[in-house]
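Read top to bottom, the protein sequences are chains W and G.
Going by this note's numbering, the first sequence opens with residue 209, and the numbers climb by one from there.
Going by this note's numbering, the second sequence opens with residue 209, and the numbers climb by one from there.
2 protein chains.
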Amino acid sequence: MKRNIVDTGRRSHCAISMALDTVGDKWSLLILRDLMFTGKRSYGELQSSDEKIATNILASRLVTLEKNDIIYKQPDPTDSRRYLYYLTEKGIDLLPVIIELMQWMSKYNPAASACTANTTAYKKDRVMLYKEMTRRLRKSHSQQG
Amino acid sequence: MKRNIVDTGRRSHCAISMALDTVGDKWSLLILRDLMFTGKRSYGELQSSDEKIATNILASRLVTLEKNDIIYKQPDPTDSRRYLYYLTEKGIDLLPVIIELMQWMSKYNPAASACTANTTAYKKDRVMLYKEMTRRLRKSHSQQG
DNA sequence: AATTTTACTTGCATATTGCAAGTGCAAAAA
DNA sequence: TTTTTGCACTTGCAATATGCAAGTAAAATT
Numbered sequence: 209m210k211r212n213i214v215d216t217g218r219r220s221h222c223a224i225s226m227a228l229d230t231v232g233d234k235w236s237l238l239i240l241r242d243l244m245f246t247g248k249r250s251y252g253e254l255q256s257s258d259e260k261i262a263t264n265i266l267a268s269r270l271v272t273l274e275k276n277d278i279i280y281k282q283p284d285p286t287d288s289r290r291y292l293y294y295l296t297e298k299g300i301d302l303l304p305v306i307i308e309l310m311q312w313m314s315k316y317n318p319a320a321s322a323c324t325a326n327t328t329a330y331k332k333d334r335v336m337l338y339k340e341m342t343r344r345l346r347k348s349h350s351q352q353g
Numbered sequence: 209m210k211r212n213i214v215d216t217g218r219r220s221h222c223a224i225s226m227a228l229d230t231v232g233d234k235w236s237l238l239i240l241r242d243l244m245f246t247g248k249r250s251y252g253e254l255q256s257s258d259e260k261i262a263t264n265i266l267a268s269r270l271v272t273l274e275k276n277d278i279i280y281k282q283p284d285p286t287d288s289r290r291y292l293y294y295l296t297e298k299g300i301d302l303l304p305v306i307i308e309l310m311q312w313m314s315k316y317n318p319a320a321s322a323c324t325a326n327t328t329a330y331k332k333d334r335v336m337l338y339k340e341m342t343r344r345l346r347k348s349h350s351q352q353g
């Protein structure tokens, strides 16, 4: 990477640009989708998604997501080989982004499947939808160990 | 690209994944941001953003965004060398995604600048914010020629 | 003790993006 | 009317990011 003398790795100070520098790669939001909607928690489970993320890419994304305080991992108490990945509050706060992406595609492509229920029903009351789902996520992702 | 016999170019039928296949690259959403908030309309203006997109990438993104019916272009009536780019309704419908990205980054990084006014004020009433801004975008991006 | 499972790592191929220079045409200047 | 400048791209090649297949180490299972 070669930008300027003091390289921050960011393209600009625009919030949108910075957000994309953090989660705007090809895979991060799909990993977060799995943590949010599919209940996947371990490396192997995350690797088993339909999109078939390459193992080295998964590993590298998990590291940077953790560095950016979007997820955290804890050893699985039932199997010490394994780690379990959870969303932080910052990660949970990406829910609206993901829901809006989903609703957008659903609106314009009928072939798109929803990944989680109850979103179309709430089309007119997104705030309600965000709140309800955030509440659920807080429950399942709050500090475990 | 080599996926399977009948390659659709998409990773799965998940709406989120499909949305990211469409606008999940490094630049598309930044181009849309400029069309939405900065009033930039021509190739040269779009190229002049802080993030310094490479000219060949800009050209290629504009083509695929147009193919995907997210933007459209028309000759500039005042200068026949130039085209002006506008958002379609489908493009305008990406506004919530972009706003949520912006608000997310603004919440977690104080160094992030907003790109457009009035968003923090509406933090608690996003639906209102979406509606108001969509209305404005419809005005400035509806068929011109 | 041997095999399987799990979370990665490593090496190399392919794809996407970045950079610098160039092209063609229309507008503006001389 | 000729020249110069401006604008929307294209082209060739370098650098970075992603994809694939195989490998490794440690813990669980048999």
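We put the CB at the ideal spot given by N, CA and C, even for glycine.
Please read these numbers as outputs of a predicted model, since none were measured by experiment.
Beta-carbon gap between residue i and residue j smaller than 8 angstroms
i, j, result
"residue 232 of chain G", "residue 234 of chain W", "yes"
"residue 240 of chain G", "residue 302 of chain G", "yes"
"residue 244 of chain W", "residue 226 of chain G", "no"
"residue 259 of chain G", "residue 238 of chain G", "yes"
"residue 307 of chain G", "residue 309 of chain W", "no"
"residue 284 of chain W", "residue 294 of chain W", "no"
"residue 321 of chain W", "residue 349 of chain G", "no"
"residue 272 of chain G", "residue 300 of chain G", "no"
"residue 266 of chain W", "residue 255 of chain W", "yes"
"residue 263 of chain G", "residue 280 of chain G", "no"
Classification of residue i by the beta-carbon crowding that lies within 10 angstroms, buried from 16 upward
i, result
"residue 257 of chain G", "buried"
"residue 230 of chain G", "buried"
"residue 305 of chain G", "buried"
"residue 336 of chain G", "exposed"
"residue 334 of chain G", "buried"
"residue 282 of chain G", "exposed"
"residue 347 of chain W", "exposed"
"residue 248 of chain W", "buried"
"residue 311 of chain W", "buried"
"residue 219 of chain G", "buried"
"residue 268 of chain W", "exposed"
"residue 278 of chain G", "buried"
"residue 287 of chain W", "exposed"
"residue 261 of chain G", "buried"
"residue 215 of chain W", "exposed"
"residue 344 of chain G", "exposed"
Cross-chain neighbours of residue i in chain W, by beta carbon under 7 angstroms
i, result
"residue 316 of chain G", "298"
"residue 217 of chain G", "None at all; the shortest Cβ gap to chain W is about 13 angstroms."
Partners in chain G for residue i, counting only beta-carbon separations shorter than 9 angstroms
i, result
"residue 241 of chain W", "222, 224 and 225"
"residue 295 of chain W", "Under the 9 angstroms cutoff, chain G gives no residues; its nearest Cβ is about 13 angstroms from residue 295 of chain W."
Contacts that residue i makes with chain G (C-beta to C-beta distance below 8 angstroms)
i, result
"residue 321 of chain W", "221, 222 and 223"
"residue 310 of chain W", "223, 224 and 227"
"residue 248 of chain W", "Near residue 248 of chain W there are no residues of chain G at all, since even the closest Cβ is about 13 angstroms away, more than 8 angstroms."
Contact list for residue i against chain W, beta-carbon separation under 9 angstroms
i, result
"residue 334 of chain G", "304, 334, 335 and 338"
"residue 266 of chain G", "Here the premise fails: no neighbours, minimum Cβ distance about 14 angstroms."
Cross-chain neighbours of residue i in chain W, by beta carbon under 8 angstroms
i, result
"residue 253 of chain G", "Correct list: empty, because the minimum Cβ distance to chain W is about 16 angstroms."
"residue 313 of chain G", "223, 224, 226, 227 and 230"
"residue 275 of chain G", "Ordered by position in chain W, no residue passes the 8 angstroms Cβ test against residue 275 of chain G, which lies about 13 angstroms from the chain."
"residue 301 of chain G", "312, 315 and 316"
"residue 237 of chain G", "224, 228 and 232"
Contacts of residue i in chain G (Cβ-Cβ under 7 angstroms)
i, result
"residue 258 of chain W", "220 and 222"
Per-residue DSSP class, three states only, for residue i
i, result
"residue 225 of chain G", "helix"
"residue 220 of chain W", "coil"
"residue 350 of chain W", "coil"
"residue 211 of chain W", "For residue 211 of chain W, the pLDDT reaches just 42, beneath the cut-off of 50, and the residue's location in the model is therefore unreliable, although a value from the coordinates is still provided. Reduced to three states, the DSSP call for residue 211 of chain W is coil."
Taking only runs that begin and end inside the stretch 260-340 of chain W, name each unbroken beta strand (DSSP E) of 3 or more residues, in chain order. With a minimum length of 3 residues, the continuous beta strand (DSSP E) runs that stay inside the stretch 260-340 of chain W are 279-283 and 291-295.
List, from N- to C-terminal side, the beta strand (DSSP E) runs of 3 residues or more that fit wholly inside the stretch 235-261 of chain G. none
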